[in-house]
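Visitor:
4 protein chains.
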Amino acid sequence: MTTDNRPDSYTLVISCPDRVGVVAAVSQFLAERGGSLVESNHHTDLEQNWFYMRNVISAAGLSVNEEAFSDEFAPLATEFAMEWQLRPSSRRERVVIMASHASHCLSDILHRWQSGDLACDIPCVISNHENLRSMVEWHGIPFHHVPVPKEDKAAAFAEVERIVERHRGETIVLARYMQIIPPALCEGYVGRLINIHHSFLPSFIGANPYQKAYDRGVKLIGATCHYVTEDLDEGPIIEQDVIRVNHSCSKDDMVRLGRDVEQSVLSRGLRYHLEDRVIVRGNKTVVFS
Amino acid sequence: MTTDNRPDSYTLVISCPDRVGVVAAVSQFLAERGGSLVESNHHTDLEQNWFYMRNVISAAGLSVNEEAFSDEFAPLATEFAMEWQLRPSSRRERVVIMASHASHCLSDILHRWQSGDLACDIPCVISNHENLRSMVEWHGIPFHHVPVPKEDKAAAFAEVERIVERHRGETIVLARYMQIIPPALCEGYVGRLINIHHSFLPSFIGANPYQKAYDRGVKLIGATCHYVTEDLDEGPIIEQDVIRVNHSCSKDDMVRLGRDVEQSVLSRGLRYHLEDRVIVRGNKTVVFS
Amino acid sequence: MTTDNRPDSYTLVISCPDRVGVVAAVSQFLAERGGSLVESNHHTDLEQNWFYMRNVISAAGLSVNEEAFSDEFAPLATEFAMEWQLRPSSRRERVVIMASHASHCLSDILHRWQSGDLACDIPCVISNHENLRSMVEWHGIPFHHVPVPKEDKAAAFAEVERIVERHRGETIVLARYMQIIPPALCEGYVGRLINIHHSFLPSFIGANPYQKAYDRGVKLIGATCHYVTEDLDEGPIIEQDVIRVNHSCSKDDMVRLGRDVEQSVLSRGLRYHLEDRVIVRGNKTVVFS
Amino acid sequence: MTTDNRPDSYTLVISCPDRVGVVAAVSQFLAERGGSLVESNHHTDLEQNWFYMRNVISAAGLSVNEEAFSDEFAPLATEFAMEWQLRPSSRRERVVIMASHASHCLSDILHRWQSGDLACDIPCVISNHENLRSMVEWHGIPFHHVPVPKEDKAAAFAEVERIVERHRGETIVLARYMQIIPPALCEGYVGRLINIHHSFLPSFIGANPYQKAYDRGVKLIGATCHYVTEDLDEGPIIEQDVIRVNHSCSKDDMVRLGRDVEQSVLSRGLRYHLEDRVIVRGNKTVVFS
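Sequence lines, in order, name chains A, B, C and D.
For the first sequence, our numbering begins at 70 and goes up steadily by one.
For the second sequence, our numbering begins at 70 and goes up steadily by one.
For the third sequence, our numbering begins at 70 and goes up steadily by one.
For the fourth sequence, our numbering begins at 70 and goes up steadily by one.
Here's what the structure looks like:
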């Protein structure tokens, strides 16, 4: 976490059992401290009786700093059994990108980051190939080559984990990283390990989704951005999109068209995550997009 | 307005100058009366310093009825200079549909209404042609034929207005009604007179938009649902959508493809209006879709 | 098959092994008989080495009638091992619609048919429920109620088949017909039995796709129009589309939103079929849309 | 024009007055020389009585080389009054990119080019700013800074033209180049000067389209890829697309969302152009996508 300077705003994300008075309590708390709302999103899951809330609070009129806010909010959070998080806009998430051979998702993320469009720090990129080193280093970002040999994947992922920790990575993005992440790493980064799957899940789970889509003769192909869990391709979905194909598309055409969907879905999903717009509960997400 | 029975919920819509404490005041008010939130949407227009809010409140636990709610809410509304509206779910909007020769938008609305998908009453349909009478009457809805002769449009629209009033119409929907609405009628139904324009406004304002789109060689055509004002095709936009076309589409193909967009855009726009999801301010809308 | 009068055009659809000279031979054949092309679509499947072609030929300048065309074309078709079909625009396909309780797809098809937007005859509608009788009969179309009791489905489908035959039905459309079609009927109408499945196949095969989509937390839901084969939900796909959903959508909202996609996908798929734009080979389709 | 080696295929593009026998003549010509069709697209404009055709012909079985093909085809072209063009797949278009301050379109094109996804040569990039030099040069492409001072734009564009000519540029792409192209340059590159306009033309012609879209309250914003003519923003449209926005989007949000549409529309339009899929006639295009 990097604290650049005084924040413009704070983002307060809450989820808790639904109950009359929770909005009143939170908004009363904010109003008493001069907190004006830049953006506010609510969701009540009537089936699960669960409440979700995201508030962006202007720092300008706020009478308390982050520490005081947290201290004073804690009793209220306890009363309503809230899970909650407060992030000052000045604290940028540290995002480690992992990639393999394909460059499109990585290139897209790096360009957005460089042009100030993605508010995060990228302390390093890790790849099991060497081919993207020059692109990454041109952006001024350290590149780590960690090969993943079939006979010793455990050692490779131990090295990956050490690198992420050394760089104090908070979120890991798999930008078409083509190795299966071991359960230990999944567990260590629950809700902070983001993948782009090159199909419209749950269609075409597993390897070679474009070949499967081609063989099935579907008329749309898609991509899915999701949090990674131990259950391969079954984690909570953050974002999806599709693109039209037809009989004239070869499998290679699908791969090419799919790349555009993959990178736009991944960048949208990552943005939602970075702006604390995603709340995971069970295997589903609330996304205040 | 029809009151069927006890409502399931109330929809409270508010807009007012933005100010610290407004959410706290409203949510406190609701919590004190046992009002649990089924859905809640907020929007702060930072440029205009204006605040918009829509709350759907479960009637189940509410300790007050509609009248008491309104009486008690009034002082708070005054304090914050609110424009506000409270609608019990049992009070269905009375919607008069106006159509001309084309049947697709009317047919779509009638089917949605009949299958319980659009929560409104349709006291009558008015047309300047006779050809849709049978379809309307089959749905059990009165049909009024009001021709609009070139030489005496004023009398025709006076008759239209009488019919709407006699049926206690609250909202008027122009479902491809091909006559220009006179200013007096526009003024009488500000924010309650809905049109579907067969182009992606502001492109191709005025007559024959499909011909214009064909001549310009655009690659997408669209439709726009908007509130009618005296400034033709310039009223606040509620909803828009587009569909892809190409060089192989004749003007007639565009007309045919456009019909599907028109009816889906109109039905979505009408639904937003009926569910009090649309708030107009100036020439723009907030739509809590 | 109904022949109203002299056709405006003929549609010639061909598929055969790909070979140099096939286009030359067909276009030479047409040119020699004064056939000017209104529309022409080609596709070469390089992987399968198979060629597909659809020509719409103006009848105006054509020097031969349908019978002579067919007789003279036969030797050429044999030479190139073509599967082929010639349809005069005056010969409208006879389409039997089957429905259950849900009205949206049926209502949409009937309205398009009635307004001249779908060029086919609808000799009758068959349903296992009574609730849609009035809607069908208002359109002037015979309605047959064929209940499908659990204990004797075979007799019910024998009755269905008799009705279709008696009405000389050529194509059967399952407009949200909620019974599984027995293999015998599938075999009898290969490539002429069209279903709309309420999911984006191959996701959520089988019953209750919206519940499954809700449980999985997908961000788009869809519908699939496909030819029915004995392998449930596995037949050749004609058309698909999707619509965006999010966490605020209940399962019922998904059902409602899905209806719009279902009816638009079905009507597009049916149109492609009626205009002889679909060619099935194996389990895939070429759709010259 | 660069000729790398022997081509895999030839692309033959034809347009001419429509007439019985044109397809027969062309396909006969190809068949006699062993030309098998990889892809073939036809379009008859019935209103204009004009015919368009694009054939991709495998070079493998072809008995003639490019020169012989052209020589032998010329009489046939004359007979049917064809405009035509033959391009071997080995001849890559030389594309000069022009940009200003914004990097997203340029970055996208350069990445696609570098990864082999766009089949063209990029001999240089020209900009009126310096900020993109490093990005361009990292790709190994010469960067020319040509400032455009208000007081002497003519000299600047004379310099631009010299640079393009020196690099033997055939097509010029304005990748968010923010200066108006003088008529002389437009005339010199008719059908070879491509622009991306940041609105859904013909909406919001001219400067600041996002501000205009914001002020009008539209629910979709878009981008348009078109050939540049002397009539600003009025040239033949190649490709368009849109993205959904709503009341919560500030003008800056629209700019950010619009960037994604701009770059995807430009890259699609450019691809169509490079693959000779676009035929301009009058102010409209046929795009065999």
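All residues carry an ideal CB built from backbone N, CA and C; glycine is no exception.
Beta carbon of A/His236, beta carbon of A/Glu331: below 8 angstroms?
Guide: It is not a contact, given that the beta carbons lie outside the stated cut-off.
Visitor: Can you tell me whether D/Pro278 is buried or exposed, with buried defined as 16 or more other CB within 10 angstroms of its CB?
Guide: With 16 or more other Cβ atoms within 10 Å, it is buried.
Visitor: Assuming C/Glu239 and C/Arg163 make a contact with CB atoms under 8 angstroms, what is their CB distance in whole Å?
Guide: About 5 angstroms separates the two Cβ atoms, so the contact holds.
Visitor: Closest to A/Leu175 by CA distance: which of A/Phe212, A/Pro144, A/Ala224 is it?
Guide: Per the Cα distances, A/Phe212.
Visitor: So C/Gly286 contacts chain A; which residues on that side make the cut at Cβ distance below 8 angstroms?
Guide: Ordered by position in chain A, the residues that pass the 8 angstroms Cβ test against C/Gly286 are Pro305, Ile306, Asn352, Lys353, Thr354.
Visitor: Please compile the residues from chain B whose C-beta is within a distance smaller than 7 angstroms of the C-beta of A/Gln97.
Guide: What A/Gln97 touches in chain B: Ala93, Gln97.
Visitor: Taking only beta carbons into account, state which residues of the region 95-121 of chain D come closer than 7 angstroms to chain B, listed in chain order.
Guide: Hits within the stretch, in order: His112.
Visitor: Using a 10 Å radius around the Cβ and a threshold of 16 neighbouring Cβ atoms, would you call A/Val259 buried or exposed?
Guide: With fewer than 16 Cβ atoms within 10 Å of its Cβ, A/Val259 is classed as exposed.
Visitor: Beta-carbon of D/Val311 versus every beta-carbon of chain C: anything under 8 angstroms?
Guide: For D/Val311, the answer is no, since every Cβ of chain C falls outside 8 angstroms of its Cβ.
Visitor: Whole angstroms is fine: what's the gap from B/Tyr246's alpha carbon to B/Glu344's?
Guide: Each residue's Cα considered, the two are about 23 angstroms apart.
Visitor: Around the C-beta of D/Asp87, are 16 or more other C-beta atoms found within 10 angstroms, so that it is buried, or is it exposed?
Guide: D/Asp87 should be labelled buried.
Visitor: Should D/Val89 be flagged as near chain C, meaning a C-beta pair shorter than 8 angstroms?
Guide: Yes - at least one Cβ of chain C is within 8 angstroms of the one on D/Val89.
Visitor: Any Cβ of chain D within less than 8 angstroms of the Cβ of B/Phe131?
Guide: The displayed chain sequence assigns Leu, not Phe, to residue 131 of chain B. So, not an interface residue.
Visitor: Whole angstroms is fine: what's the gap from C/Met70's alpha carbon to C/Arg161's?
Guide: Unreliable positioning characterises C/Met70 in this predicted model, as indicated by a pLDDT of 43, which lies under 50. A coordinate reading is not provided.
Visitor: Going along chain B, which residues have a C-beta under 7 angstroms from C/Thr207?
Guide: It should be pointed out that residue 207 of chain C corresponds to Trp in this sequence rather than to Thr. Correct list: Trp207.
Visitor: Does the distance from the CB of B/Ser159 to the CB of B/Ser127 come in under 8 angstroms?
Guide: Cβ atoms of B/Ser159 and B/Ser127: not closer than 8 angstroms.
Visitor: Mapping the DSSP letters down to three states, classify B/Thr147 as helix, strand or coil.
Guide: If DSSP states are grouped into helix, strand and coil, B/Thr147 belongs with the helices.
Visitor: Between C/Val356 and C/Arg346, how many whole angstroms is the CB-CB distance? I'm expecting something under 8 angstroms.
Guide: With a Cβ gap of about 6 angstroms, C/Val356 and C/Arg346 count as contacting.
Visitor: Can you have a look at C/Asn264 and say buried or exposed, based on whether 16 or more other CB atoms are within 10 angstroms of its CB?
Guide: By the 10 Å Cβ count, C/Asn264 comes out buried.
Visitor: Given a cut-off of 8 angstroms on the beta-carbon distance, is the pair A/Lys281 and A/Phe269 in contact?
Guide: No. Outside cutoff.
Visitor: If distances are taken between C-alpha atoms only, which option among B/Phe138, B/Val229, B/Gln183 comes closest to B/Phe98?
Guide: Minimum Cα distance to B/Phe98 is reached at B/Phe138.
Visitor: Hey, is D/Ser172's beta-carbon within less than 8 angstroms of any beta-carbon in chain A?
Guide: D/Ser172 counts as touching chain A.
Visitor: Are at least three pairs of beta-carbons, each pair with one atom in the region 292-304 of chain A and one in the region 316-324 of chain A, less than 8 angstroms apart?
Guide: The region 292-304 of chain A, when compared against the region 316-324 of chain A, does not touch it at the 8 angstroms Cβ threshold.
Visitor: Hey, would you say B/Ala94 sits closer than 8 angstroms to B/Leu131, going by beta carbons?
Guide: Cβ atoms of B/Ala94 and B/Leu131: not closer than 8 angstroms.
Visitor: Please confirm if A/His213 has its CB atom under 8 angstroms from at least one CB of chain C.
Guide: No, its Cβ sits nowhere closer than 8 angstroms to a Cβ of chain C.
Visitor: Alpha carbon to alpha carbon, how far is D/Ile210 from B/Ile348? Give it in angstroms, no decimals.
Guide: About 52 angstroms.
Visitor: Would you call the region 196-206 of chain B and the region 114-128 of chain B in contact, with 3 or more CB pairs under 8 angstroms?
Guide: The answer is no - the region 114-128 of chain B does not touch the region 196-206 of chain B, with fewer than three Cβ pairs under 8 angstroms.
Visitor: Whose CA, out of A/Ala171, A/Thr113, A/Thr147, A/Ile191, lies closest to the CA of A/Val233?
Guide: Considering only alpha carbons, the answer is A/Ile191.
Visitor: Taking all protein chains shown into account, do 16 or more other C-beta atoms lie within 10 angstroms of the C-beta of C/Tyr79, making it buried, or fewer, making it exposed?
Guide: Buried, since its Cβ has 16 or more Cβ neighbours within 10 Å.
Visitor: Relative to the alpha-carbon of B/Val92, which residue among B/Asn110, B/Arg156, B/Glu206, B/Gly103 has its alpha-carbon at the smallest distance?
Guide: Considering only alpha carbons, the answer is B/Asn110.
Visitor: In chain D, which residues lie less than 8 angstroms from A/Arg325 when you measure between Cβ atoms?
Guide: Ordered by position in chain D, the residues that pass the 8 angstroms Cβ test against A/Arg325 are Asp186.
Visitor: Report yes if the C-beta distance between C/Ile22 and C/Ile290 is below 8 angstroms; otherwise report no.
Guide: The first residue shown for chain C is 70 and the last is 358, placing residue 22 of chain C beyond what the model contains.
Visitor: Using a Cβ cut-off of 7 angstroms, pull out every chain A residue sitting near D/Asp329, in sequence order please.
Guide: Within 7 angstroms Cβ-Cβ: Ser333.
Visitor: Buried or exposed, going by whether 16 or more other CB atoms sit within 10 Å of the CB of C/Ser172?
Guide: It counts as buried.
Visitor: Quick test of your reading: A/Leu335 and A/Ala244, contact by CB under 8 angstroms. State the CB separation rounded to the nearest angstrom.
Guide: Yes, A/Leu335 and A/Ala244 are in contact; Cβ-Cβ is about 7 angstroms, under 8 angstroms.
Visitor: Flag this pair as yes or no: are the beta carbons of D/Val369 and D/Glu228 separated by less than 8 angstroms?
Guide: Nothing about residue 369 of chain D can be read from this structure; chain D reaches only from 70 to 358.
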